[in-house]
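Have a look at the structure below before the remarks.
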Amino acid sequence: MEIRHSTNPADAKHYDTARLRRQYLIESLFQSDKITMVYAHDDRLVIGGGLPVKETLKLEAADVLKTDYFLERREIGFINIGGEAIIDVDGERYTLGRLDTLYVGKGAQDVKLSSSNAEQPAKIYFTSALAHATYPTRKVSVQEANTLELGSLESSNARTIHQIIHAGGVQSCQLMLGVTLFKPGSVWNTMPAHLHDRRMEAYLYFDMNESARVFHFMGEPNETRHLVVANEQAVISPSWSIHSGAGTSSYAFIWAMAGENYTFKDMDVVAMDELK
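So for the sequence shown, full-length UniProt numbering puts the first residue at 1; every next one is plus one.
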């Protein structure tokens, strides 16, 4: 498990491109028959990906967690972006189609990931946050999520937001997760930009062709920076940073949040004339 320590905005504004990418960009989450994880000290979120092809992959606690099993003090949300996935949780089996989500609460000890078909392997993205109580394991499809239609074609940001793990959907302690899909011709996400200083956020960009890129904007509103992001790469967004982007062609992204607040209403919108 790779460790990424927290940063502060006064230091981050001096980073060059290479340092920005080392600190905030996760470039390789999906490796054949492996589970890859990054421990972000920002709200102690674990960001990971599993690509089971021929093997069944067991979710195990790395030494950094100092626990007997991964979910001893954590909860987790899985979302499948590949072929049909199988997730076994303490002997109970869940089958996940594309964009299906599985929430697993604190205390589950035996979690295994596999694919139904090695020729079309699952790609299982997950985020895990600290938990103080146990909520029931629950599978949900993207069609069952709370759905919002935002933006417009005129502003190139017409998009559908599917809120999946949140107070009004799948219950959790602090983890929030969903997926955003775009209307044809729209490329801007989360614009106007916003901040939520009580929660960090992570993005996984996916459904991009090989040559496409997303220009992900981050930093303080008056000190913006950008990351050039390829398909199936993830971004760690600290609580002090905006998080927005534009793609060179179509894409989708999964967002996940963790922190103090458990609401969408704590956002501070950044006016366009504040961005620099």
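We put the beta carbon where it would ideally sit given N, CA and C, even for glycine. These numbers come from a predicted model, not from an experiment.
- In the structure shown, arginine 19 adopts helical secondary structure according to DSSP, grouped into three states.
- Per DSSP, alanine 256 lies in no alpha helix (DSSP H); the unbroken beta strand (DSSP E) holding it starts and ends at 252-259.
- Counting other Cβ atoms within 10 Å of its Cβ, lysine 123 reaches 16 or more and is therefore classed as buried.
- About 5 angstroms separates the Cβ atoms of tryptophan 240 and proline 9, confirming a contact at the 8 angstroms cut-off.
- Annotated three-state conformation of alanine 10 is helix, per DSSP.
- Your pair leucine 113 and isoleucine 76 does not check out as a contact, with CB atoms roughly 11 angstroms apart and the cut at 8 angstroms.
- Around the Cβ of leucine 150, a 10 Å sphere holds fewer than 16 other Cβ atoms; the residue is exposed.
- Between phenylalanine 206 and isoleucine 81, the beta carbon gap of about 5 angstroms places them in contact (Cβ cut-off 8 angstroms).
- Looking only at Pro136, Ser250, Glu154, the smallest Cα-Cα distance to valine 214 is reached by Ser250.
- In the three-state reduction of the DSSP assignment, valine 89 falls in the strand class, which pools E and B.
- Rounded to the nearest angstrom, the gap between the Cα atoms of alanine 61 and tyrosine 262 is 26 angstroms.
- Burial state of methionine 218 is buried, judged by a 10 Å Cβ sphere holding 16 or more other Cβ atoms.
- The region 10-19 makes contact with the region 219-228, as at least three CB pairs between them are under 8 angstroms.
- The residue from Gly259, Gly168, Glu119, Arg74 with its alpha-carbon nearest to that of glutamate 84 is Glu119.
- Methionine 37 has Gly48 as its beta-bridge partners, per DSSP.
- With distances taken between CA atoms, methionine 191 lies nearest to Ile242 out of Gly49, His41, Ile242.
- Using a Cβ distance threshold of 7 angstroms, aspartate 266 and histidine 166 do not count as a contacting pair.
- Aspartate 100 counts as buried, since at least 16 other C-beta atoms from the protein chains shown sit within 10 angstroms of its C-beta.
- DSSP, reduced to helix, strand and coil, places leucine 227 within a strand of the structure shown.
- Note that the C-beta distance between valine 111 and arginine 138 is not below 7 angstroms.
- When the beta-carbon positions are compared, leucine 25 and valine 235 come within less than 7 angstroms of each other.
- CA-CA distance, asparagine 146 to leucine 153, rounds to 22 angstroms.
- Closest in alpha carbon position to serine 115, among Tyr94, Tyr135, Ala108, Thr134, is Tyr94.
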